[in-house]
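Single-structure report; data block below.
Residue numbers (the numbering used here), protein chains in the order written: chain X, 1 to 297; chain D, 1 to 297.
Structure follows, in structure tokens:
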């Protein structure tokens with residue numbers, strides 16, 4: 001199976017490396033060519049545009065930052081849709097809106113091409129360790145065909161049926177849950193610290209007592225250590241996900257007050273110039289509301 | 001070491017059983033004597049009042065529902081404080097307010113008695129399986145003396161230093177975090193279900209992808225199955241904890257908007273007659289806001 005790979009950024013690069021390491025034949029395009037070039041040393045062929053990549057591949061993976069990039073790469077003048085053969089698979093692994101997924105699904109269908117949506121959970125370090133968890137949705141046979149790709153990239157996958165956009169809803173709601181973890185931990189750390197309990201001790205206790213979860217442990221450590229300057233995932237990208245979650249609220253009319261709270265944390269953090277810090281830096285907005293201020297009686 | 005045990009309710013009963021099973025000599029009091037009586041068959045001595053229990057014991061454990069019960073059992077006319085010898089230990093394992101713990105700490109100190117606070121994380125089924133996690137605080141030597149008790153009751157413990165009330169702050173904040181899990185899962189299940197994704201499938205995916213946590217798995221299942229009629233912990237007791245958390249907010253002046261949201265879920269659930277349902281039934285208030293109502297355009 002010949003595989004195309006478009007988007008070798010923070011997430012895409014280690015994913016492409018793992019595909020190459022598993023012996024796959026890989027054709028690569030990246031807007032900033034220099035970021036993809038080192039992969040040539042591992043056997044990848046670097047091509048000049050998405051259309052060329054698609055023409056050389058049975059499955060084209062896209063790993064891009066947002067809806068606009070996905071639309072351009074797919075349907076722009078040199079987009080992959082113009083190169084992919086009939087029955088060829090576009091495997092979209094980006095965290096993008098269900099709406100854009102439905103749009104490009106229709107465009108592919110018109111050309112007898114197949115769209116599988118497969119956004120991933122995990123930061124770049126997890127991608128490098130092949131520990132991603134993949135959420136898939138699309139025509140069953142096409143999902144099955146992609147199985148060796150998923151195996152080369154992660155710990156496993158959960159499939160959500162034939163409608164590609166469902167995978168994106170699950171991914172956005174998963175990111176919403178991570179935001180709630182950041183807010184809830186930040187509020188409890190705040191009160192603990194004010195009561196002279198070290199957040200580090202508190203985190204250790206509640207992880208042993210309650211969660212026993214690597215996610216709580218990892219995000220807890222980022223928040224406790226205020227380790228925001230080397231983002232695995234930027235606050236700007238987190239804000240994009242919060243915005244997509246709000247769009248879902250509007251489409252489906254399901255009140256989500258926890259989303260509202262973190263949404264205004266994001267707005268506040270962006271106003272404070274934190275866009276390029278780690279996602280977990282929204283916690284610093286919680287701390288700002290009390291830290292260095294004596295409790296008024 | 002002779003151990004007293006006061007309060008053989010849903011939590012206390014299996015804990016007393018585990019202490020007896022580990023070969024400890026146990027003196028028991030319970031307000032409703034019939035609830036304690038079956039423990040006599042396992043070797044416990046059932047006595048007539050807290051004072052008598054304390055007079056027979058080196059360490060008296062209390063496992064009670066709230067501040068009022070703890071005050072009455074400790075300092076009422078037949079309270080344990082009147083029976084406990086000097087250097088005797090009162091091991092308070094209830095989830096009560098830091099304030100009442102400070103009050104009874106002073107009363108014990110005046111009689112040269114020692115208070116250790118050791119509230120527990122885990123429901124009655126976890127207590128029965130010896131899987132509690134215990135949060136301790138109090139004079140170090142006294143905490144050490146209680147070590148064999150903790151071993152007989154749980155998986156382990158986290159110690160928070162000499163000030164007993166600190167353990168209660170940690171416990172209340174831990175329960176706050178559980179409330180945030182219920183709210184966050186309920187909101188995401190709501191949106192998933194509205195988008196025709198089964199909450200059961202969603203829970204399974206996010207637990208594999210993100211949390212990998214027995215707490216998310218167990219509360220997630222309670223919410224998905226709406227299994228509220230056999231409470232391990234009632235909504236009324238959860239409301240007590242939310243109230244104590246709000247008292248902490250007021251004392252320490254740390255804004256906690258996530259607490260505010262779940263607090264009004266509790267109020268709404270109580271108004272809807274759900275006090276004796278499981279704690280997790282606050283999720284039904286989230287579902288009520290959209291279920292059976294078509295999404296308006």
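Don't be surprised by glycine CBs; every beta carbon is placed ideally from N, CA and C.
Please read these numbers as outputs of a predicted model, since none were measured by experiment.
Bridge partner(s) assigned by DSSP for residue i
i, result
"residue 120 (chain D)", "D:134"
"residue 45 (chain D)", "D:27"
"residue 278 (chain D)", "D:234"
"residue 157 (chain D)", "D:134"
Nearest-angstrom Cβ-Cβ length linking residue i and residue j, presumed shorter than 8 angstroms
i, j, result
"residue 163 (chain X)", "residue 142 (chain X)", "Their Cβ separation, rounded to whole angstroms, is 13 angstroms, which puts residue 163 (chain X) and residue 142 (chain X) out of contact at 8 angstroms."
"residue 277 (chain X)", "residue 204 (chain X)", "In fact, because the Cβ distance is near 25 angstroms, the residues do not count as touching under 8 angstroms."
"residue 53 (chain D)", "residue 29 (chain D)", "5 angstroms"
"residue 168 (chain D)", "residue 96 (chain D)", "6 angstroms"
"residue 165 (chain X)", "residue 92 (chain X)", "Incorrect: roughly 10 angstroms between the Cβ atoms, too far for contact."
"residue 133 (chain X)", "residue 154 (chain X)", "6 angstroms"
"residue 189 (chain D)", "residue 245 (chain D)", "The pair is not a contact, with the Cβ atoms about 24 angstroms apart (cut-off 8 angstroms)."
"residue 191 (chain X)", "residue 261 (chain D)", "With a Cβ gap of about 16 angstroms, residue 191 (chain X) and residue 261 (chain D) do not count as contacting."
Cβ-heavy atom distance, residue i to the ligand SAH, below 6 angstroms
i, result
"residue 60 (chain X)", "Only the bare structure without any ligand can be found here, which leaves the ligand SAH out of the picture."
Own chain partners of residue i with C-beta closer than 7 angstroms, once the 5 adjacent residues on each side are dropped
i, result
"residue 258 (chain D)", "180"
"residue 285 (chain X)", "265, 268 and 269"
"residue 42 (chain D)", "17 and 20"
"residue 256 (chain X)", "249"
Secondary structure of residue i, DSSP reduced to three states
i, result
"residue 3 (chain X)", "strand"
"residue 58 (chain D)", "coil"
"residue 293 (chain X)", "coil"
"residue 194 (chain D)", "helix"
"residue 90 (chain X)", "strand"
"residue 115 (chain D)", "strand"
"residue 103 (chain D)", "helix"
"residue 12 (chain D)", "helix"
"residue 268 (chain X)", "helix"
"residue 64 (chain X)", "coil"
"residue 227 (chain X)", "coil"
"residue 174 (chain X)", "helix"
"residue 256 (chain X)", "coil"
"residue 96 (chain D)", "coil"
"residue 85 (chain X)", "coil"
"residue 298 (chain D)", "Here chain D covers residues 1 to 297 and nothing more, so residue 298 (chain D) does not appear."
"residue 246 (chain D)", "helix"
"residue 166 (chain D)", "helix"
"residue 32 (chain X)", "coil"
"residue 284 (chain X)", "helix"
"residue 129 (chain X)", "coil"
"residue 141 (chain D)", "helix"
"residue 77 (chain X)", "coil"
"residue 186 (chain X)", "helix"
"residue 251 (chain X)", "helix"
"residue 204 (chain X)", "helix"
Cutoff 8 angstroms; reference residue i; Cβ partners in own chain excluding five residues on either side
i, result
"residue 114 (chain D)", "87, 88, 89, 90, 108, 138, 139 and 142"
"residue 174 (chain D)", "121 and 135"
"residue 157 (chain D)", "118, 133, 134, 135, 136 and 150"
"residue 75 (chain D)", "81, 104 and 107"
"residue 33 (chain D)", "46"
"residue 35 (chain D)", "8, 9 and 13"
"residue 130 (chain X)", "18, 152, 153, 154 and 155"
Cutoff 6 angstroms; reference residue i; Cβ partners in own chain excluding five residues on either side
i, result
"residue 26 (chain D)", "3, 5, 19, 20 and 44"
"residue 55 (chain D)", "83"
"residue 216 (chain D)", "207"
"residue 49 (chain D)", "78"
"residue 101 (chain D)", "117, 164, 165 and 168"
"residue 185 (chain D)", "220 and 223"
"residue 275 (chain D)", "235 and 236"
"residue 22 (chain D)", "152"
"residue 283 (chain X)", "182, 186 and 223"
"residue 24 (chain D)", "3"
Min CB distance residue i to chain C below 7 angstroms
i, result
"residue 214 (chain X)", "No chain C appears in the structure shown, which is made up of the protein chains X and D."
If the cut-off is 9 angstroms on Cβ atoms, which residues from the stretch 245 to 259 of chain D count as contacting chain X, listed in chain order? 245, 248, 249, 251, 252, 253, 254, 255, 256, 257, 258 and 259
Which residues of the stretch 142 to 162 of chain D have a Cβ closer than 7 angstroms to any Cβ of chain X? Give them in chain order. The residues in question are 156, 158 and 160.
Counting only Cβ-Cβ distances shorter than 7 angstroms, please list the residues of the stretch 91 to 118 of chain D near chain X, keeping chain order. none
Short of 8 angstroms Cβ to Cβ, which residues in the stretch 196 to 207 of chain D face chain X? 196, 197, 201, 202, 204, 205 and 206
According to a CB-to-CB cut-off of less than 7 angstroms, which residues of the stretch 181 to 195 of chain X neighbour chain D? So the close ones are 183, 184, 187, 188, 190, 191, 192, 194 and 195.
Check distances from the C-beta atoms of the stretch 17 to 49 of chain X to those of chain D and list, in chain order, the residues that come in under 9 angstroms. none
Anything in the stretch 258 to 278 of chain D with a Cβ closer than 8 angstroms to a Cβ of chain X? List those residues in chain order, please. 258, 259 and 261
Counting only Cβ-Cβ distances shorter than 8 angstroms, please list the residues of the stretch 166 to 179 of chain D near chain X, keeping chain order. 166, 169, 170, 173, 174, 176, 177 and 178
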